Amino acid sequence: MKKQILVFLVVVLAVSLFAGCKRQALQPVTFIFAKGGDAIGLDPGDDPDNDSSSIWCNIFESLVKFKPGSTEVEPSLATSWEVSSDNLVWTFHLRQGVKFQDGTPFNADAVVFTYQRYTDPNNAYHKFGTWENWEWCASQVTKTEKVDDYTVKITLSQPYTPFISALATAGGVVSPTSCEKWQGQSVIHPVGTGPFEFVEWLKGDHITLQKNPNYWGDKPKIDKLIFTVVKDASQRFLSLQKGEVQGIEFPNADDLTKMSQDTDLQILREPGVTVCYLGFNVGTDTPGFQKPFGDLRVREAIAYAIDKKAIVDQIFKGTAVVAKTIIPPTLWGYNDTIQDYDYNPTKAKELLKAAGYANGFKTQLWTLPVARPYVPDPQSVAVAIQADLKKVGIDAEIVTYDWSTYFHKVDNGDAPMNIAGWIADYPDPDDFLYTLFDSDHATVGTASNSCFYRSPAVHSLNIQAQRITDQTKRAELYKQVQVIMHKDIPCVPLAHVEQIVVLSKNVKGFVLYPVGRYYFDTTSIGTSE
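Sequential numbering of the sequence shown, starting at 1, is according to the UniProt record's numbering.
This is the structure we're talking about:
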């Protein structure tokens, strides 16, 4: 009898343990990531800012993608591709059996619909966006055609060597059914093929995604992904310490030592493909143009007036290096032979006097309202520059707006001088020198060239570099561009900043990408693998 009771108790215990384990396994896994700012929108063709793209990259996929932690391109929604001998026609063979998050099929029709929406003014859905991300990365696309249900052909206006990398950034494919349903509101009702699907967006507070149960690839290991907005860097750190969030971006440089000593945290650091710079509006046709910035002597004076080393040492504190050109030293094509403008307030005053501004002048210094990958503390950088300019007689009022307003006003040319920056969308000098400083991108209202710098020589070299495939020859052309820009001074390069993300110790599988986006498809927490 005792033996029977013992067996019964063992069975009951085993069943209880199994039930408990099952209940534990069924608990949904939530990952909360604290960001410095909110998204502007969630459309892969229209919203290029990092706060937006770091979220929509988990919802949408392009035909190709970057390998985790790499700048090398690999298949995604396309399984293979080939390019014509003249480098004008790209043919992509699409992955079969993929569905959008609304259950509709992914096929050639969806790709054609998506890319025509970006490029064709006559498309019924083109009017719902300015398509800045697509224009900045893939403006050479003239036609997208269906060959068969799972083959598309993309034609370019000219050979464009960075195209395949740019497509990984800007080619997110959207659900045609969803676009038709939501019309102009599709930007806040995003539907793609990615590992996570959209749940809700409370503006200024958080965006929630959930695991896509029908994802064609390896299923995500977390069930719910929340991007919460915490503008203050110290508060983000405190939330991480308390366990309220599992990851943060853009930590204060002052907090990094404390973080490194906290055994419950892990710090991920990578040399950034970034630049932070002070841009001058030299576009006489823009609403924000001021006469002093049209004079090279004034721009040169400011280059001498700013103590870049002090800014890097005192504000970035070991998380950045001083910049002397727009191209970061982590990217091929960097011109190390350029001699930077020294910090020389006396020389700055002499140049201002020669330009007719012996008593200085008044202006505005626009600065970003939120932390960015290339400038985690924009307000402090603005204050430092303001103080340096004051020493040489330039009275600069610091101006800022909410992020969406700021972004679009700078694109419109409203700022006479602004703190700006970039993190690579694709690993090519073209993404910096063509996207940020070419006349093709200096259209008032949609400019990524917010300096409105229009140099025929720079444009000619940029186009030449786009049309050849030999990287050594391309690098030489880009080095020439940097020399011209160093003489023309459309901007003052300030710093190249590291990428830094801090996570709870039990987070696994998160990978930093050189392009600065956050992908969570391989991320897990503790035993959620």
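Note that CB positions come from ideal geometry on N, CA and C, so glycine has one too. Predicted, not measured: the structure shown is a model, and the values here were computed from it.
Same chain, Cβ closer than 8 Å to residue i, neighbours up to 5 away in sequence not counted
i, result
"valine 147", "Thr91, Ala108, Lys153"
"lysine 203", "Asp38"
"valine 507", "Phe31, Gln246, Gly247, Gln266, Thr523, Ser524, Ile525"
"valine 383", "Ile398"
"threonine 435", "Trp136, Cys137, Trp422, Asp425, His441, Ser448, Asn449"
8 Å contact criterion, which residue i and residue j should meet: CB distance rounded
i, j, result
"arginine 467", "glutamine 158", "6 Å"
"serine 54", "arginine 517", "5 Å"
"leucine 278", "isoleucine 385", "6 Å"
"phenylalanine 520", "leucine 225", "6 Å"
"phenylalanine 361", "proline 292", "5 Å"
"tyrosine 160", "glutamine 96", "The Cβ separation is near 28 Å, so there is no contact."
"residue 581", "isoleucine 338", "No statement about residue 581 is possible, as the shown extent of the chain runs from 1 to 529 and does not include it."
"phenylalanine 437", "glycine 413", "Contact flag wrong, Cβ pair sits at about 15 Å."
"tyrosine 374", "valine 275", "6 Å"
"lysine 99", "asparagine 214", "6 Å"
"threonine 367", "isoleucine 419", "5 Å"
"histidine 206", "threonine 228", "4 Å"
"residue 536", "aspartate 264", "The chain is shown from 1 up to 529; residue 536 falls before or after that span and cannot be answered."
"arginine 236", "alanine 110", "About 37 Å; that fails the 8 Å criterion."
Exposure of residue i, with buried meaning 16 or more beta-carbon neighbours within 10 Å
i, result
"alanine 253", "buried"
"lysine 309", "exposed"
"arginine 299", "buried"
"aspartate 86", "exposed"
"glutamate 135", "buried"
"glutamate 244", "exposed"
"aspartate 336", "exposed"
"glycine 247", "buried"
"serine 260", "exposed"
"valine 197", "The residue asked about is misnamed: residue 197 is glutamate in this sequence, not valine. Buried, since its Cβ has 16 or more Cβ neighbours within 10 Å."
"glycine 171", "buried"
"glycine 184", "exposed"
"glycine 41", "buried"
"serine 70", "exposed"
"proline 287", "exposed"
"threonine 114", "buried"
"serine 450", "buried"
"serine 460", "exposed"
"phenylalanine 510", "buried"
"serine 76", "buried"
"serine 84", "exposed"
"residue 544", "Residue 544 is absent from the model: the chain starts at 1 and stops at 529."
Chain-order list of residues whose beta-carbon lies under 6 Å from that of residue i (same chain, five-residue window excluded)
i, result
"asparagine 344", "Tyr304"
"alanine 371", "Gly36, Phe250"
"cysteine 179", "Tyr125, Ser186"
"glutamine 364", "Glu397, Val399, Pro416"
"proline 220", "Pro195, Lys211, Asp521"
"threonine 79", "His93, Arg95"
"proline 429", "Ile327, Gly333, Tyr478"
"lysine 258", "none"
Pair within 8 Å by beta-carbon distance, residue i and residue j
i, j, result
"threonine 169", "valine 515", "yes"
"proline 44", "asparagine 133", "yes"
"isoleucine 222", "valine 502", "no"
"aspartate 120", "serine 175", "no"
"isoleucine 306", "aspartate 388", "yes"
"phenylalanine 128", "valine 173", "no"
"leucine 268", "serine 504", "no"
"glycine 333", "alanine 475", "yes"
"phenylalanine 301", "leucine 352", "Checking the sequence, you will find alanine at residue 301 rather than phenylalanine. Yes. Within cutoff."
"valine 73", "isoleucine 164", "yes"
"residue 584", "proline 369", "With the chain running from 1 to 529 in the structure shown, residue 584 is simply not present."
"tryptophan 131", "aspartate 46", "yes"
"valine 483", "asparagine 462", "no"
"aspartate 49", "phenylalanine 432", "no"
Own chain, CB closer than 7 Å to residue i, minus 5 neighbours either side, in chain order
i, result
"alanine 19", "For alanine 19, the pLDDT reaches just 47, beneath the cut-off of 50, and the residue's location in the model is therefore unreliable, although a value from the coordinates is still provided. So no residue of the chain qualifies."
"valine 273", "Pro328, Thr330, Leu331, Ile423, Ala424, Pro427, Pro514"
"glutamine 116", "Asn123, Thr144"
"glutamine 464", "Leu477"
"threonine 208", "Val199, Glu200, Lys224, Ile226"
"asparagine 359", "Gly393"
"tyrosine 357", "Pro292, Val298"
"threonine 104", "Ser175, Thr177"
"serine 404", "Ile40"
"serine 380", "Ile315"
Contact the region 313 to 333 vs the region 481 to 499: 3+ CB pairs below 8 Å:
Contact between the region 313 to 333 and the region 481 to 499 is present, because at least three Cβ pairs lie under 8 Å.
Inspect the CB distances between the region 191 to 206 and the region 54 to 74 and report whether three or more fall short of 8 Å.
Enough Cβ pairs lie closer than 8 Å, so yes.
Spell out a yes or no on whether the region 388 to 395 and the region 348 to 360 are touching, meaning 3 or more CB-CB pairs, one atom from each, closer than 8 Å.
Touching, yes, given that three or more Cβ pairs across the two stretches are closer than 8 Å.
Is there contact between the region 279 to 299 and the region 442 to 460, where contact requires at least three CB pairs shorter than 8 Å?
Of all C-beta pairs linking the region 279 to 299 to the region 442 to 460, three or more are shorter than 8 Å, placing the two stretches in contact.
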